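S.K.: Just dropping this structure here.
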Amino acid sequence: MKTDIEIAQEANLKPISEITEQLNLEITDWEPYGHTKAKISDSLLEKFKDRPDGKVILVTSINPTPAGEGKSTVTVGLGQALNRIGKKAIIALREPSLGPVMGMKGGAAGGGYSQVLPMEDINLHFTGDLHAITSANNALSALIDNHIHRGNELNIDPRRVEWKRVIDMNDRVLRQIVIGLGGPLRGVPREDGFNITVASEIMAILCLSTSLEDLRERVSRIVIGYTYDEKPVTVKDLKIEGALTLLLKDAIKPNLVQTIENTPAIIHGGPFANIAHGCNSIMATKTAAKLGDYVVTEAGFGADLGAEKFLDIKTRAGEFDTSAVVIVATVRALKMHGGVNKDELKEENVEALKAGMENLQKHIETIEQFGLPFVVAINKFPTDTEQETNFIKSWCESRNIEVALTDVWANGGEGGIELAEKIIDKADNENQDFQRIYDLNDTLETKIRKVAQKVYGADDIELSAKAKKQLVFYEQQGWGKLPICMAKTQYSLSDDPSLLGRPRGFTVTIRELRPSIGAGFIVVLTGDMMTMPGLPKKPAALNMDVTPDGKILGLF
């Protein structure tokens with residue numbers, strides 16, 4: 026069996042100019058980044074503002090496990106399948122983060138014969154967007170410390186600088202550091218730390234901005250810390266929003282590539298769904314909706330994280346509708362949720378599968394609460410038995426739940442035609458009764474409780490003493506009407522990663538809150554969530570190499 030990278034390297038890519046012709050773009054609408062990548066103009070939305078929007082199809086999943094769910098693979102395969110049945114479909118995905126690619130998670134370009142290409146570039150440096158975000162983030166850090174060193178006109182309390190530096194790598198030793206040591210010429214000593222780049226508020230801002238001017242305005246609202254008398258200090262107070270926006274002027278332009286079957290794919294922005302809002306950029310999704318009749322996009326991890334934030338945060342900021350949802354499940358992951366160890370997944374076990382279905386059931390209930398039509402996609406693996414896949418199909422059909430067996434890893438778009446036909450039927454014909462989990466006028470505590478109870482299935486929330494103080498303070502600052510962005514483990518519906526399946530009778534612990542006023546939401550940290558991952562004992566980087574002629578090895 027060929028690996029993902031072997032399949033990718035054998036693919037016949039069209040010149041990117043042919044993909045832009047396919048989309049009827051003029052030469053002034055895009056700029057090439059090599060032969061197979063391009064940046065789309067950020068003025069395209071204004072140019073096509075009077076065009077009707079294509080329908081947005083969201084792909085989400087059950088809670089992920091080390092067995093894999095293949096949500097990105099299904100997203101790519103579905104986009105290819107839609108084009109095979111004569112629909113003009115465009116795929117919209119997030120950019121992978123280098124840290125997880127080198128660590129344990131791997132890349133995010135799909136797999137098998139449902140990949141976006143060139144996968145090597147996409148999973149490594151791509152068009153430099155993440156590096157631009159890193160530069161803007163760290164320029165802000167440097168300017169904050171310089172301001173304090175040069176007299177501190179704004180009276181910033183060095184002990185209450187909340188803005189952290191970032192790097193696009195998993196590096197646990199940088200979580201907490203001390204800077205400015207070595208005497209007066211080296212700056213003012215203070216505690217600091219690093220987040221991974223995709224957890225930067227600037228990443229969230231890039232993904233939620235609707236124009237360059239909107240990005241500039243959002244950057245100006247970033248709260249970097251507090252004065253000695255506990256007043257928030259913003260980028261606008263430092264008068265540097267223009268300089269930071271300058272570093273992001275190219276990064277805000279969506280990236281255009283193609284799949285193995287030459288379906289157009291727009292890949293832009295990459296926030297994690299467990300510590301950020303987990304969706305590709307609004308500009309990418311809305312641009313795709315102007316250029317195609319259907320947009321297939323995904324949101325990170327399970328419906329408890331990515332889909333909730335897509336529907337409660339992204340669609341609010343972008344002011345667009347979602348027509349239908351695909352919920353991806355695999356036999357392997359459901360068996361793990363049913364109690365099977367990873368090394369025993371190849372063995373048929375319908376009883377474990379039956380127990381694991383509770384996890385799928387909860388995610389179905391969540392999408393039903395939003396009032397959106399959906400289809401369950403069984404993402405087929407070679408080790409699945411017919412009895413196992415038939416069990417899932419029968420389980421769904423007995424509950425009048427639309428279900429489709431997909432085999433897009435092995436067969437590309439051809440393996441997703443059943444899913445394509447069923448999701449189009451939902452998107453085109455079903456009446457919606459869309460409603461969000463919470464109202465913006467709810468208090469922050471009420472919003473948190475509603476997400477915990479309605480989406481996670483918790484009995485209640487438990488606020489730490491710090492979180493209680495922050496809730497009062499944030500409401501006083503006028504931030505209480507903002508959406509919330511829950512930072513929670515992706516592996517469980519609860520805040521305890523060891524509780525698989527469908528936990529019951531649990532309480533979600535709210536450790537602390539963080540303001541992302543530029544992005545336009547309040548981050549709520551639960552359990553032991555960290556914003557800088559570490560590397561595993563045997564990182565994926567150990568298997569990577571490059572030949573003398575530049576051929577990349579072991580990326581997957």
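For the sequence shown, my numbering assigns the number 581 to the last residue and increments by one with no breaks.
By construction, the Cβ of each residue, glycine as well, lies at the ideal position given by its N, Cα and C atoms.
The model shown is predicted, which means the values in this text are computed figures rather than measured ones.
1) In the DSSP assignment, the beta strand (DSSP E) including Glu283 goes from what residue to what residue?
2) Rounded to whole angstroms, what is the Cα-Cα separation between Leu103 and Val186?
3) Three or more C-beta pairs under 8 Å: does that hold for the segment 267 to 284 against the segment 235 to 242?
4) Grab me the residues of Ile542's own chain with a C-beta within less than 6 Å of its C-beta, minus the 5 sequence neighbours each way, in chain order.
5) State the Cα-Cα distance for the pair Thr235 and Ile82, rounded to the nearest angstrom.
6) Could you give the distance in angstroms between the alpha-carbon of Ile486 and the alpha-carbon of Thr391?
7) Give the secondary structure of Val223 by DSSP, where H, G and I count as helix, E and B as strand, and everything else as coil.
8) Could you spell out the range, first to last residue, of the alpha helix (DSSP H) harbouring Ser245?
9) Using only CA atoms, which one of Phe546, Lys189, Thr532 and Val213 lies nearest to Cys510?
10) Using a Cβ-Cβ cutoff of less than 7 Å, which residues in the same chain neighbour Ile173 once the five nearest sequence positions on both sides are dropped?
11) Taking C-alpha atoms, which residue in Leu48, Lys27, Glu35 and Phe531 lies nearest to Val282?
12) Quick one: what's got a C-beta closer than 7 Å to Asp570's C-beta in the same chain, skipping five residues either side?
13) Kindly list the residues whose CB is nearer than 8 Å to the CB of Ala452, restricted to its own chain and excluding five residues on each side of it in sequence; keep chain order.
14) Just to confirm, is the Cβ distance from Glu56 to Lys64 under 8 Å?
15) What did DSSP end up calling Gly136 once you bin it into helix, strand or coil?
16) So, with DSSP's three-state summary, where would you put Tyr499?
17) Please check the pair Ser419 and Tyr481, which I expect to be a contact at CB under 8 Å, by giving their CB distance rounded to whole angstroms.
18) Pull up the distance between the alpha-carbon of Val126 and that of Thr152, whole angstroms please.
19) Roughly how many whole angstroms lie between the Cα atoms of Gly137 and Lys39?
20) Using a threshold of 8 Å, state whether the C-beta atoms of Gly325 and Ser306 are closer than that.
21) When DSSP labels each residue in this structure, what does Asp570 get in the three-state scheme?
22) Pro528: buried (16+ other C-beta within 10 angstroms of its C-beta) or exposed?
23) Let's see if you can read the secondary structure: which residues bound the alpha helix (DSSP H) around Leu550?
24) Report the residue from Thr534, Gly135 and Ala380 whose alpha carbon sits nearest the alpha carbon of Gln105.
25) Is DSSP giving Ser166 helix, strand or coil here?
26) Which residue wins for smallest C-alpha separation from Gln140, given the options Asn148, Thr98 and Gly128?
27) Do Ile352 and Ala301 count as a contact pair if the criterion is CB distance below 8 Å?
28) Just to confirm, is the Cβ distance from Cys304 to Lys339 under 8 Å?
29) Of the residues Lys96, Gln386, Glu286 and Ala36, which one's Cα is nearest the Cα of Glu145?
30) Counting Cβ pairs, one atom from each stretch, are 3 or more of them under 8 Å apart for the segment 109 to 120 and the segment 434 to 445?
31) Mind checking which residues open and close the alpha helix (DSSP H) that includes Thr414?
32) Measure the C-alpha to C-alpha separation of Pro121 and Asn299 and round it to an integer number of angstroms.
33) Given a cut-off of 8 Å on the beta-carbon distance, is the pair Leu525 and His362 in contact?
34) Report the residue ranges of all alpha helix (DSSP H) runs contained in full by the segment 87 to 137; include only those spanning at least 4 residues, in chain order.
35) From Asp75 to Leu69, what distance separates their C-alpha atoms?
36) Identify whether Asp485 lies in helix, strand or coil by the three-state DSSP scheme.
M.R.: Quick look at the numbers:
1) Per the sequence shown, the amino acid found at residue 283 is Gln instead of Glu. First-last of the beta strand (DSSP E) with Gln283: Asn280 to Thr284.
2) 45 Å
3) yes
4) Arg246 and Val248
5) 20 Å
6) 18 Å
7) helix
8) Leu237 to Ser245
9) Ranking the options by Cα distance to Cys510, first place goes to Phe546.
10) Ile181, Pro183 and Val213
11) Leu48
12) Leu578 and Gly579
13) Lys80, Ile82, Tyr319, Ser348, Ala349 and Pro398
14) yes
15) strand
16) helix
17) About 28 Å separates the two Cβ atoms, so there is no contact after all.
18) 16 Å
19) 18 Å
20) no
21) The three-state reading of DSSP puts Asp570 in strand, counting E and B together.
22) buried
23) Where Leu550 is concerned, there is no enclosing alpha helix (DSSP H), although the beta strand (DSSP E) it sits in stretches over Phe546 to Thr551.
24) Gly135
25) helix
26) Thr98
27) no
28) yes
29) Measuring C-alpha to C-alpha distances from Glu145 to each of Lys96, Gln386, Glu286 and Ala36 identifies Ala36 as the nearest.
30) yes
31) Glu411 to Glu422
32) 14 Å
33) In contact: Leu525 and His362 (Cβ atoms closer than 8 Å).
34) 96 to 109 and 123 to 127
35) 11 Å
36) strand
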